[in-house]
Structures are given as structure tokens and as C-alpha cells.
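Everything in the sequence shown is counted per this note's numbering, starting at 3 for the first residue and increasing by one. Backbone N, C-alpha and C fix where the C-beta goes; we use that ideal spot for every residue, glycine too. This one's a predicted model, so the numbers in the text were calculated from it and none came from an experiment. Below: the structure, in C-alpha cells.
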Amino acid sequence: MASTRYKWLTFAIASGACAAINGTFAKLTTGPFTSSLSHSLALTLHVPESHSQIFEYILRALFFALNLSFDALMWGLFTRALTLASSTVHVSVLNTGTNFLVAATAGWAVFGEKLPGLWWVGAGMLVGGCLLIGSREGREGEKK
3 MASTRYKWLT
13 FAIASGACAA
23 INGTFAKLTT
33 GPFTSSLSHS
43 LALTLHVPES
53 HSQIFEYILR
63 ALFFALNLSF
73 DALMWGLFTR
83 ALTLASSTVH
93 VSVLNTGTNF
103 LVAATAGWAV
113 FGEKLPGLWW
123 VGAGMLVGGC
133 LLIGSREGRE
143 GEKK
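Structure follows, in C-alpha cells:
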């Protein structure tokens, strides 16, 4: 019973992660980082210099396709979480929290973005809020 009762958690977390990955691919589609990545890949794959611009366009198109794919996957997972959960608020909070943490981690890992101390304070508060909401749901379920 408990495993099906909390099955929405997996879908909510996965949808938040997909949303963050979606954002990462959107940034790769339009950002300057992709130009340098494309140039490095073209050199590694021995793409002729005359085709390097086309190679970059293909890489950006691939990132755009991945952006759309993760967006569709995110909405499917989010909708499934909403249908399984007893509260849409819990799904939305967990989705947003996961999105926030995964997006920041991807920004740091892929783009070298800095995470200042204030960000960590906010992230801690966000995780604390998710835990508080989760524990509240557990107590409400016991009362029923």
C-alpha cells in the first residue's frame, strides 16, 4: 500500500529533473557555449573547416530536439504525478524544488556557473520546505 501511495514522488521528482534538463538543452541551443563545443567536436571528429558552421547548426538542432523531447517527457511525468497524488500542491512543490536543484547543478557542471553562499541558503530552505510538506502529508494520512 505504501509503495503505491507515494508513487507520485518518483514522477514528481523525475518531472522536475526533466524540466531542468530541458532548460539546459534550451541554453545549449541558443548559447555561445555551443559554438566552442561545436568547434572542439569538429576538430576531434575531423570535420572539414568548410563544414564547421553546418556542424554547429546540426549540433544546435540536436540540442533543440532534446529540449523538445525533455519538455514533452516532463509534462507527461508531471501529469502522471498529479493524477497519483492526493495534493497538487505537493507535486508542484517537489517538482519545482527538484527543478531548482538539478538546474543549478547542471549550470555548475555544464556551464561552470558559480553557486554563491546565498544560493546554498535558498537551496537548503527549499529542501527543508519539501521535507516539511512531505512530513505533513504523512501525518494527514495517519489521521485518516
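Lys116 carries a coil assignment under DSSP once its states are collapsed to helix, strand and coil.
The straight-line gap separating the alpha-carbon atoms of Gly130 and Phe57 is approximately 45 Å. When C-beta atoms of the stretch 96-112 are compared with those of the stretch 36-43, fewer than three pairs fall below 8 Å, so the two segments do not count as touching. The stretch 14-24 makes contact with the stretch 92-104; the number of CB pairs closer than 8 Å reaches 3 or more. Excluding residues up to 5 positions away in sequence, Leu84 lie with their Cβ nearer than 6 Å to the Cβ of Thr90 in the same chain.
If you check the CB distance, Phe27 and Phe65 come in under 7 Å. The three-state reading of DSSP puts Tyr8 in coil, since its state is none of H, G, I, E or B.
For the set Gly124, Gly25 and Trp121, the Cα lying nearest the Cα of Leu70 is the one of Gly25.
Rounded to the nearest angstrom, the gap between the Cα atoms of Ile135 and Thr31 is 36 Å. Closest in C-alpha terms to Phe72, from the list Lys116, Trp121, Thr107 and Asn101, comes Asn101.
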